[in-house]
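Enquirer:
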Ligand code: F6P
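Residue numbers (our numbering): 23 to 557.
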C-alpha cells in the first residue's frame, strides 16, 4: 500500500457526503436561498469573467475542494513548475511553457543553460522571420515574396496554432494565407497543394521529435511537390522547421538559419507560445502575438499569486473534479459561442485528455478515482442542432463550459444578440429543466435540469483575452493533475498504436497472407492487401 495523505482522504470522503447532501437539491433553490450566489461564485480577471454559479456547488463544497487542493500540495507543485523543478516525473524533465511568456523572469537553468536566454534568442529569430515574410523581404527560389504558408504538424504541433490563427484572424493585408495539414491521409494534403503556387509558398514543418510519421510523410510529399518546379539548391528558401531535433531537420534539407527551437521541456500541447506559434505571428503580426503572450502571462501571475478561493484556474479545475468525481459526469462539453473559437474544442480535448487520461499515479500505483472526463464540443449554436438533445435529456448527464464574447468585431449586432441569447438560454435551460405544468403526461418533453455549467465571457476576442483563456485551461489541467496525483506531461498511451502500425506497415511491404496477428487483425490486413492499389 502506498501512503495517502489523510487530510486529502478525509476531504475526499467529505465530498462524497456533500454530494449525498445535495443530491436532492435543485440548483435553482440554491439561487433562491442566496441572492448573492451569482456574485459569490463569479470572478473577473482583466477582460475575462467566469461564472461558476450554475454548478451544483455551495460554500461547503468549495471549501472542501480547496482544502483538498491544499492537502495534496497544489501550491508547492505549482511553484515547482514555475521554478523549473522536475514536474514531468516519468521523463525526468521540467515543464516550462510558462517561461515562454515571461522573458524577463530570473535566470532558469535547465541542463546547464539559462533558458530565459534561449527563449529570448528564439523569440528574436522568430520576430526577424515574421517581419521579413510579412514585409515581402523573404524571397522564394524565383525571387518572389511569400503569399502562402503551409503548417505541417500533428497533435500539439498544430491544434493550438490552428485555434489561435482562426481566433485572432488577420487585421492587415501583410500576413500570408495560412494552411494547416495534419492527417497522413493525402486527402488532407493534396487539395491544399493543388491551390498553391510553389514559388510563393513557405512550408513550416513542426515536430518536436522530427520523427512523427504523419508529419514526416506530409513533409516529404510537400518537398517533392516543391521540387517539381523549383531548383533543388534553392528550395531551402521554402522550408522552415520548428523542432527539438535540429540534426534531423538538417538531414531533411532545412538550413540552420531556418530551424527554430522547440525544447524537450515544452510539451507539444503547451507549445503554441513558442516558435510553434509562428503561423499565429505570421497571420496576426508580431505585436499581436506578443500581446497574446502578455495575456497568458497575466493568467500565470494570477495562478501563481491569487488565493485558491479566488484563483480562477484552480476553481475551474476543482469544479471540474467535483462534476467528474462526485456528480457522476463522465463527459464535459466545451462550447464556444463564437465561430472564431471553433478550433477550441479540439485543442482543449487534446490538452485535457492527453494530459490527464491516466490510470496510475506518479509512483505507478493504480488510482482509486476517475481522471479525464471525455471532452467534446463544437461551436454554438451549431452544437445545439447536433448533440444538445442528449445534453438536455440523455440518461448520461454531462457538464459544460459555455464561452462567449461580449463584443464582436463583425459589426452585425442582430447576429451577436441571437448568439448570446442562445448561449445564456442554454445554460439556463440546462439548470432549470422543464416539466408540464399540470404534471400530466408529456414525458417526452420533460427536461430534468440540474445539469451543471460554467460560463466564461471575454470582453472581446483580442490577443490578451485569448492568451488568458488558453492559459486558463493549461493551469486547470495542471491543477487537476495534482489533485488526481498524476503526471500531466507525458503521453505513453499513444506509443503502442504507433509501434503496431509500424509492424503492420512491414506486413504491407512483405505482402503474402498475414497470419501473425489475431484473426480479426489478420483478416482486415489481408482484405486490404487483396484490394489495395499500389502506392
Ligand atoms: O500524439 C502524440 C504526440 O506525441 C503529441 O503529444 C504531440 O503533440 C504529437 O504527437 C506530435 O509530436 P511531434 O511534435 O514530436 O511531431
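All C-beta atoms in this analysis are idealised placements derived from N, C-alpha and C, irrespective of residue type, glycine included.
1) How far does the alpha helix (DSSP H) with residue 381 in it reach, from first residue to last?
2) Rounded to whole angstroms, how far is the Cβ of residue 179 from the Cβ of residue 228, which I believe are closer than 8 Å?
3) Pull the bridge partners of residue 64 from the DSSP assignment, please.
4) I'd like to know whether the C-beta atoms of residue 252 and residue 220 end up nearer to each other than 8 Å.
5) Going by the DSSP bridge assignment, what does residue 201 pair with across the sheet?
6) How about the segment 474-481 and the segment 444-456: do they share at least three Cβ pairs that are nearer than 8 Å?
7) Would you check if the distance between the CB atom of residue 88 and the CB atom of residue 331 is smaller than 8 Å?
8) Going along the chain, which unbroken runs of the alpha helix (DSSP H) with 4 or more residues stay wholly within the segment 133-180?
9) The ligand F6P heavy atoms versus the CB of residue 144: any closer than 7 Å?
10) When you compare only the Cα positions, how much space is there between residue 504 and residue 350?
11) Are there 16 or more other CB atoms within 10 angstroms of the CB of residue 401, so buried, or fewer, so exposed?
12) Under 6 Å, CB to any heavy atom of the ligand F6P. Which residues pass, going along the chain?
13) So, under 8 Å CB-CB, residue 487 and residue 69 are touching, yes? Tell me the CB distance rounded to an integer number of Å.
14) Can you tell which of 360, 439 and 412 has the C-alpha that lies nearest to the C-alpha of residue 354?
15) For residue 548, which residues in the same chain have their Cβ closer than 8 Å to its Cβ, ignoring the five residues on either side in sequence?
16) Three or more C-beta pairs closer than 8 Å, one from the segment 81-96 and one from the segment 259-275: is that the case here?
17) Mind checking which residues open and close the beta strand (DSSP E) that includes residue 227?
18) Between the C-alpha atoms of residue 237 and residue 343, what's the straight-line distance to the nearest angstrom?
19) Quick check: what's the CA-CA separation for residue 441 versus residue 427?
20) Bridge partners of residue 195, per DSSP?
21) Can the beta-carbon of residue 497 be found closer than 8 Å to that of residue 325?
22) Among 43, 531 and 77, which residue has its Cα nearest to the Cα of residue 420?
23) Pull up the distance between the alpha-carbon of residue 256 and that of residue 314, whole angstroms please.
24) Just to confirm my understanding: we take residue 23, look at its own chain, exclude 5 residues before and 5 after, and list those with CB closer than 8 Å. What are they?
25) Could you have a look at residue 89 and say whether DSSP puts it in helix, strand or coil?
26) So residue 80 and residue 52 are supposed to be a Cβ contact under 8 Å. How far apart are they, rounded?
27) Given a cut-off of 8 Å on the beta-carbon distance, is the pair residue 501 and residue 335 in contact?
28) So which of 105, 323 and 339 has the shortest CA-CA distance to residue 72?
29) Would residue 559 and residue 266 qualify as a contact pair, given that the criterion is a beta-carbon distance under 8 Å?
30) Indicate the three-state DSSP secondary structure (helix, strand or coil) for residue 405 in the structure shown.
31) Which residues in the same chain as residue 319 place their Cβ atom closer than 6 Å to its Cβ, once the five residues preceding and following it in sequence are excluded?
32) How many angstroms separate the CA atom of residue 281 from the CA atom of residue 128?
33) Does the Cβ of residue 386 have 16 or more other Cβ atoms within 10 Å, making it buried, or fewer, making it exposed?
34) My guess is that residue 189 and residue 202 are in contact by the Cβ rule of under 8 Å, so how many angstroms apart are they, rounded?
35) Under a three-way DSSP split, which group does residue 391 fall into?
Expert: Taking the geometry as given:
1) Note, residue 381: premise wrong, no alpha helix (DSSP H); not H, not E.
2) Residue 179 to residue 228, Cβ: 4 Å. Contact.
3) 73
4) Residue 220 sits close to residue 252, with the two beta carbons spaced by under 8 Å.
5) 172
6) yes
7) yes
8) As summarised for the segment 133-180, the continuous alpha helix (DSSP H) elements at least 4 residues long and confined to that stretch are 137-156, given in chain order.
9) no
10) 20 Å
11) buried
12) Every residue passing the under-6 Å Cβ criterion appears here: 176, 177, 178, 179, 229, 230, 231, 234, 237, 290, 291, 376, 513 and 516.
13) 4 Å
14) 412
15) 535 and 536.
16) In short, these stretches do not touch, since the Cβ pair count stays below three.
17) 223-228
18) Spanning the two alpha carbons is a distance of roughly 35 Å.
19) 10 Å
20) According to DSSP, residue 195 bridges with nothing at all.
21) Taking 8 Å as the Cβ cut-off, residue 497 and residue 325 qualify as a contacting pair.
22) Selection 43, 531 and 77 evaluated against residue 420 yields 77 as nearest (Cα-Cα).
23) 34 Å
24) Here the model assigns residue 23 a pLDDT of 39, short of 50, so the residue's position is not dependable and the matter cannot be decided.
25) helix
26) 6 Å
27) yes
28) 339
29) Look at the range of the chain in this structure, 23 to 557, and you will see that residue 559 is not part of it.
30) Helix, per DSSP.
31) 123 and 124, listed in sequence order.
32) 27 Å
33) exposed
34) Residue 189 to residue 202, Cβ: 13 Å. No contact.
35) coil
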